[in-house]
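S.K.: Have a look at the structure that comes next, please.
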Amino acid sequence: MTARSFPIFVAILLLVAMQSRTIQSKPSGDPFGFVKHLEGCHKNGSVKGLHELKRYLEKFGYLNYGHQGKKGHNHANDDEFDDLLESAIKAYQQNHHLNVTGSLDNSTVHEMMQPRCGVPDVVNGTKHYHTHKSIHTLAHYNFIPGNPRWAKKAIDEVSVSSPADIVIGFHRRDHNDGKAFDGPQGVLAHATPPASNAMFHFDADENWSENPGPNQMDLESVAVHEIGHLLGLDHNDDPNADAIMSSKIPSGIAKRDLRADDIQGVRALYGFAN
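In mature numbering (1 follows the signal peptide of the UniProt record, and there is no 0), the protein residues as written are -25 to -1, 1 to 249.
Pasting the structure below:
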């Protein structure tokens, strides 16, 4: 990032830290725990709880029964392992660099159970991949579809009464943005792409910490990730990159340092010189 954009980055982190001190979270639960009981499932089977998996895959962009009308609606709410579900699982496995089997093997189940960002991995059935090659490096980064970005002159003096460009908040469950949170250890936060009414929400039910122990989520790590979305970056789940923009982060882990792919992604999106 350039020196000009660095103060914005710091200011957002400070606002997040100040707001987090007012949040005390005690609820327990595991919104993605249902996946564990589905391990070993494969096509042509019927297992109680598969409808929850369908909702999970739909939420993150891998599955859409809507185009099938009433028939699709029925399949979206049943426990049948059909062709469409198999295709969605294969797409998920490919995106997360897992063995593409179409079944719920152990590695796929483990991946799906990790706490994660609420921004979908796939939008309208597409994923925008970008690869940059130079003599010494191979960088991977993804942009949000449409390549939205902030205007070059995005810093200016404004009146205190002017609407904020970015609204940051901690919220629980349904908070009137169409993206309800699910309690601890599920979706951690979500953010919008660059826009005049951008928002950045944390799940207030998470056990947030600035020095995370077991079963605690690192506030700054999640904040840096969501700031990436605010800047226009999409998820990067290449395990070799270990990028800030990976869609998942385990509890007890601090992951705050920008990786080369994260930095080169922002530079490429905004036209900064390397």
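Heads up, the beta-carbon is just placed ideally off N, CA and C, and yes, glycines get one too.
1) Which residues mark the beginning and the end of the alpha helix (DSSP H) in which Ile141 is found?
2) What number of angstroms, rounded off, separates the C-alpha of His111 from the C-alpha of Asn70?
3) With C-beta atoms as the reference, is Arg234 less than 8 Å away from Ile219?
4) If we ignore side chains and look at the alpha-carbon of each, how far apart do Ala198 and Asn122 end up?
5) Going by beta carbon distance, what residues of the same chain come within less than 6 Å of Glu55, once the five residues before and after it are set aside?
6) Provide the residue(s) that pair with Leu208 in DSSP beta bridges, ordered along the chain.
7) If you follow the alpha helix (DSSP H) that Asp58 is in, where does it begin and where does it stop?
8) Give me, in chain order, the residues of the same chain whose beta-carbon lies closer than 8 Å to that of Ile141; leave out the 5 immediate sequence neighbours on both sides.
9) In whole angstroms, give me the CA-to-CA distance for Asn39 and Ile64.
10) Grab me the residues of Glu86's own chain with a C-beta within less than 7 Å of its C-beta, minus the 5 sequence neighbours each way, in chain order.
11) So is Gly77 buried or exposed if we call it buried at 16+ other beta carbons inside 10 Å?
12) Start and end of the beta strand (DSSP E) containing Met174?
13) Residues in the same chain with beta-carbon distance under 7 Å from Asn182, minus the five sequence neighbours each way, listed in chain order, please.
14) From Asp80, Asn211 and His150, pick the residue whose C-alpha is nearest to that of Ile238; which is it?
15) Going along the chain, which residues of its own chain have a beta-carbon closer than 8 Å to the beta-carbon of Leu60, five neighbours each way excluded?
16) Confirm, please, whether the CB-CB distance from Asp209 to Phe145 is below 8 Å.
17) Verify whether the separation of the beta carbon atoms of Lys11 and Met88 is less than 8 Å.
M.R.: If we stick to the structure as given:
1) Unbroken run through Ile141 is the beta strand (DSSP E), Ile141 to His146; no alpha helix (DSSP H).
2) Caution applies to His111, whose pLDDT of 39 falls short of 50 and renders its modelled position unreliable; the value that the coordinates give is listed next. The straight-line gap from Cα to Cα measures roughly 25 Å.
3) yes
4) 21 Å
5) Ser21
6) Phe118
7) Asp58 to Asn70
8) Ile(-14), Ala173, Met174, Phe175 and Leu205
9) 12 Å
10) His71 and Leu73
11) buried
12) Ala173 to Asp178
13) Ser(-1), Pro159, Asn190, Gln191 and Met192
14) Asn211
15) Lys18, Leu25, Leu28, Lys29, Leu32 and Leu38
16) no
17) yes
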